[in-house]
Every structure is written in structure tokens, then in C-alpha cells.
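Trainee: Next up is a structure, given as C-alpha cells.
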Amino acid sequence: MSSKIKWNSHLSKQFSINQKVRQGGVLSTHLYKLYINELPEELERRGLGLNIGLEYCGSPLCADDIVLMTTDETEIQAMLNIAYKFSCQHRYNIHPEKSTLIKTERIKTSKQQHPLTLGEKPIKEDQQTTHLGIIRARALPIEAELHKRQLSLLYSILASENTKLKNAMERQMTVNAGNSDSFFSRAQEILNFYNLPSIAEFKEHLPSKIRWKKDINRSIADKWSNLLQKEMEEKSTLKHCKIQILKIHKVHPVWRTLPPITYEVKKANIKARFLIGTYLLQEHIQRFNGNSDDQKCLLCQIEQEDLIHFLLRCPALNEQRQKVFPALIQAIKCNIGQNKWQEHFTGNKELLMQVIIDSSKVRENILILNEETSTEIERISRKLCYDLHCGRTLLHKRMADARQFEAKDPGCKD
Ligand SMILES: [Zn+2]
């Protein structure tokens, strides 16, 4: 087999492919499946991995992307050993770095825990991994998604005219009433969780599919918004962010007010880091290494580099600030008038910082936020945060370069 590469309507010279499969070829994945098929067959033959009913589903795979699924920790090591041995026999490498172990709650663990290995190398454990380009995680909102689908199946059964299906449902509901593994018990639990009517009530009066979908989606969004907000209230990094407006299906102004321009999205990325408290300043770095001298701003060495210093005070970044500040102050004054500006903002750096990071958190009697003001303040503060970030990064880089230069040639100080 031979191949050519097409790039910008130019074709490369022909070259032959003596091993492996053609990159991007339609046949390639199918050929690879044939090549690797003995592995899932071997696992199934040995009874390793999960089954649903009589169907084996312990090792779903597509080409070289494979998932090994089991509820038993000793079994997973056996599966890994077989997969590793197979790769050695068939002369391909499974990268231990690219292999991830995800533990779910329902795992049976042996008393003595050994790290799982692929060949000689241990496999890292994580909360999520990517299989076929899709993130497989056990993050909570996935649970909401599963609930939605289970309730959708419940609706299809309830709405079905099929007598056999209806009889099977009645039978299941009677026989498995107390069994929490039965689908209908589980569906009832889900309905209770979202304060929705019971299955019996729905059987009496089933709404239209559109009505059902609307009610279910709203109940699920409300419930998870509440749960996530409770969790967010405990996070100190979110203290400058108005978490009450963060709801499922609602977008924070930092993203909502954004024009669809790549450059603006880049700026909003930096702004969002201030919003969720993940932009690292010297104050944060010090908390990790415990040396209080490190709290000082590296740019000016005057005081601790915290948010107020960085956004409003650091003299090394005055140039960037002066370009944006007049517009910001003008926008605020236009909104609330000169008197209120004097009353609330004079000497109140904390308040000005809050306007910059998340103006929606400023009380309504201080700032009147309509869509127009919100967009304008976001636009200005997005630019401010980004310009300050670029200024700071550039100065840090210059300092690092100078240090490197001094280290190479100590005589240059004189
Ligand atoms: Zn400074």
C-alpha cells in the first residue's frame, strides 16, 4: 500500500506503507479492530469484566482506545495483565502515562491494596479520563444527565399503548416494589429527589410530552442549581463572584457579554480567572511555600501583591491602568452620578475592585446594572485585567532574563 499527502491542494510524492495502518484512512479503524479483536474475545472467554444480563460489555473499544470495566479490583489487574501480554505479543505499546484508573463508588476492594500496574509501571488514578474523545467522569452533573434519560424512558413506558409493555410495568412495580435495583423503584426515587409527582400520579394523569420535558428540565435545573450553589458558598476562592446568578443554563456576564471575537475570548479567559480566584498572585504563592517575604510584589517590592495591589495600586503597572481607568470611572459615574460616586467610591478600593471583578455583586443601590451597563463595564474590566496581566507577565519575563544574564556574566553588575 502507498500513500500521498495532500496539503493546500499540493500533493506530496508517493511513499509506501509497510506496517501499521494509514492515518485517517476510512478502512484503518476497521482493520485495527480486526487486528485487536482477539483481546476482547480473550477477556470475555475468561469471564473477566462486566456483563449486562447475558451480554458481555467488559471491554468496549474502538481501534486502540480501550476501556476495561469491572467491579472487582483483582479482576482489573488480571485484565490489565492480559492486555499488556497481548500488546507484547502483537508488538504495540500501551502507554502507561495515557492509561488512567477511575474508581467508582461500587468497587469491591480486597483488604490489602496493591497499586495497579501495566507491565511494570503503575497506573495513575484520576477522577476522569478521555475515551474516544469524550470525557468520562464521575462529576455530579453527569448524574443529572442520567436522571433526565431515565425519566425520559419512564415517560415512553407510561405513554406507550403497547399492552405487553404496560403489563410488564405493572408486574415489575408489584413484584419489585421494595427492590431498589429495579428500574421503577429507581425512577420513583428520582421523581422524589426532584419533588415531582409519583409514578402512580403520572399514570392517572400523564402530561403531554412537551409539558413533561419542560417540567422535568426545569426541576432538574433548579435542584442542581441549588446543590451547586450550596457547594459554591463554601469556596473562599469564589468570594468576589456573585454565585446567586450562577444557575444551570444561565451564563455569567463575563461570558454572556462577550462579542464572538477570538481576541475578546482570550481576554475573558484571564478575567474569569480573577472571578473564580485562580489567578495566582504573590499572596497566593506565599501560602504554598510559607515564606512571608515572598508575598511582596516582585514588580515594585513595595507591599504584598494581593488583588487590590495588582488591580489598583502597583506603580509598575500604572501605564496599563491609565489607559483603561478613565473609561471605567466614566462608565460608573454615568451610571450613578457624581454625588454617589463621591459617596461610595472615594477611598473605597475594595468596592472599585469588586466592580472590576464582578460588577453584578455590587449592591443595587450603589450600581444600577442593566444589560447595557453590565456589557460596558465587562468590556472595560476585561481589557483592564488582560492588559495588567500582559504587563505583569512581560515584566516578570524581563526580570527572569536579567537574572539569567547576571548568572552567566556576574561582572556585568558593575
Ligand atoms: Zn507592585
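All you need for my numbering is the position in the sequence shown, starting with 1, plus 152.
Beta carbons: idealized from backbone N, C-alpha and C, even for Gly.
Do A352 and Q302 have their C-beta atoms closer together than 8 Å?
Mentor: Against a cut-off of 8 Å, the Cβ pair of Q302 and A352 comes out as no contact.
Trainee: Shortest alpha-carbon distance to M221 belongs to which of A215, K237 and I204?
Mentor: Ranking the options by Cα distance to M221, first place goes to I204.
Trainee: Can you have a look at H242 and say buried or exposed, based on whether 16 or more other CB atoms are within 10 angstroms of its CB?
Mentor: With fewer than 16 Cβ atoms within 10 Å of its Cβ, H242 is classed as exposed.
Trainee: Please state whether DSSP places R290 in a helix, a strand or coil.
Mentor: Any reading at R290 needs caution, since the residue's pLDDT is 37, under 50, leaving its predicted position unreliable; the model's value is listed next. DSSP places R290 in coil when its eight states are reduced to three.
Trainee: Decide if M231 is buried, meaning its Cβ has at least 16 other Cβ atoms within 10 Å, or exposed.
Mentor: Counting Cβ neighbours within 10 Å, M231 comes out buried, since at least 16 surround it.
Trainee: Going by Cα to Cα distance, which pick from K156, E225 and E277 is closest to E249?
Mentor: The shortest Cα separation from E249 among K156, E225 and E277 belongs to E277.
Trainee: Quick check on A291: buried or exposed, where buried means 16 or more other Cβ atoms within 10 Å of its Cβ?
Mentor: Low confidence applies to A291: its pLDDT is 39, below 50, so where it sits in the model is not reliable enough to give any reading.
Trainee: To the nearest angstrom, how far is it from the Cα of P515 to the Cα of Y346?
Mentor: For the sequence presented, residue 515 should be read as Arg rather than Pro. Answer to the nearest angstrom: the Cα atoms are 32 Å apart.
Trainee: Could you give the DSSP three-state label for G285: helix, strand or coil?
Mentor: Bear in mind that the predicted position of G285 carries a pLDDT of just 42, short of 50, making it unreliable; the figure below should be weighed with that in mind. G285: coil per DSSP, three-state reduction.
Trainee: To the nearest whole angstrom, what separates the beta carbons of S512 and L521, a pair I think is in contact under 8 Å?
Mentor: Between L521 and S512 the Cβ distance is about 6 Å, and since that is below 8 Å, they are a contact.
Trainee: Should S211 be labelled buried (16 or more other beta-carbon atoms within 10 Å of its own) or exposed?
Mentor: With 16 or more other Cβ atoms within 10 Å, it is buried.
Trainee: For ligand 1, is there any heavy atom lying closer than 7 Å to the beta carbon of L451?
Mentor: Yes, the Cβ of L451 comes within 7 Å of a heavy atom of ligand 1.
Trainee: Just the C-alpha distance for F426 and I509, rounded to the nearest angstrom, thanks.
Mentor: Straight-line Cα distance between these residues: approximately 6 Å.
Trainee: Between the C-alpha atoms of H182 and L213, what's the straight-line distance to the nearest angstrom?
Mentor: Cα to Cα, the separation comes out at about 12 Å.
Trainee: Since A235 and Y184 should fall inside the 8 Å C-beta cutoff, what is the C-beta to C-beta distance between them, to a whole number of angstroms?
Mentor: Not confirmed; about 15 Å, so no contact.
Trainee: Below 8 Å, how does it come out for the region 308-319 and the region 368-383: are there three or more Cβ pairs, yes or no?
Mentor: No, they do not touch.
Trainee: Rounded to a whole number of angstroms, what is the C-alpha to C-alpha distance between S154 and F167?
Mentor: Computed Cα separation, rounded: 5 Å.
Trainee: So the alpha helix (DSSP H) I362 belongs to, where does it begin and stop?
Mentor: It spans K361 to E385 - the alpha helix (DSSP H) in which I362 sits, taken as one unbroken run.
Trainee: Whose CA, out of K549, C486, H548 and L504, lies closest to the CA of E524?
Mentor: It is C486.
Trainee: Return the chain-ordered list of same chain residues with a C-beta closer than 7 Å to the C-beta of H283, the five sequence neighbours on each side being excluded.
Mentor: Note that H283 has pLDDT 48, beneath the 50 cutoff, so the model's placement of it is unreliable and the number below is only indicative. Hits under 7 Å: D217 and V219.
Trainee: Out of curiosity, what's the CA-to-CA distance linking R531 and I428?
Mentor: Rounded to whole angstroms, R531 to I428 spans 18 Å at the Cα level.
Trainee: Measure the alpha-carbon distance for P293 versus T409 and round it to whole angstroms.
Mentor: Each residue's alpha carbon lies about 25 Å from the other.
Trainee: Please determine, among E297, N233, K394 and Q175, the residue with the shortest C-alpha to C-alpha distance to P274.
Mentor: When only C-alpha atoms are compared, the closest one is N233.
Trainee: Which class does C393 belong to by DSSP, given the choice of helix, strand or coil?
Mentor: Of the three classes helix, strand and coil, the one that applies to C393 here is coil, per DSSP.
Trainee: Within 10 Å of its beta-carbon, does H266 have 16 or more other beta-carbons around it, so buried, or fewer, so exposed?
Mentor: Classification for H266: exposed.
Trainee: For E386 and I395, what's the separation of their Cα atoms in angstroms?
Mentor: Looking at the two C-alpha atoms, the distance is approximately 11 Å.
Trainee: Among residues of its own chain, excluding the 5 on either side of E341, which ones have a beta-carbon nearer than 8 Å to its beta-carbon?
Mentor: The answer, listed in chain order, is S332.
Trainee: H162: buried (16+ other C-beta within 10 angstroms of its C-beta) or exposed?
Mentor: Looking at its Cβ environment, which holds fewer than 16 other Cβ atoms inside 10 Å, H162 is exposed.
Trainee: Does the distance from the CB of Q447 to the CB of Q453 come in under 8 Å?
Mentor: No, the Cβ-Cβ distance between Q447 and Q453 is not below 8 Å.
Trainee: Contact between the region 414-425 and the region 533-550 is defined here as three or more beta-carbon pairs at a separation below 8 Å; is this criterion met?
Mentor: Taking 8 Å as the limit for Cβ pairs, the verdict is that the region 533-550 does touch the region 414-425.
Trainee: Taking the alpha helix (DSSP H) that G199 falls in, what are its first and last residues?
Mentor: It is not in any alpha helix (DSSP H) - G199 carries neither H nor E in the DSSP assignment.
Trainee: Measuring only from the beta carbon, is E457 closer than 7 Å to any heavy atom that is part of ligand 1?
Mentor: Because some heavy atom of ligand 1 lies under 7 Å away, the Cβ of E457 counts as near it: yes.
Trainee: With a threshold of 7 Å, establish whether the CB of C537 neighbours any heavy atom of ligand 1.
Mentor: False, no ligand heavy atom lies under 7 Å from that Cβ.
Trainee: Enumerate in chain order the residues of its own chain whose CB-to-CB distance from F336 is below 6 Å, with the five nearest sequence positions on each side excluded.
Mentor: Within the same chain, F336 has close Cβ partners Q324 and M325.
Trainee: Helix, strand or coil, according to DSSP, for L432 in the structure here?
Mentor: Three-state DSSP puts L432 in coil, outside helix and strand.
Trainee: Would you say the beta carbon of I460 comes nearer than 7 Å to a heavy atom of ligand 1?
Mentor: Every heavy atom of ligand 1 is 7 Å or more from the Cβ of I460, so no.
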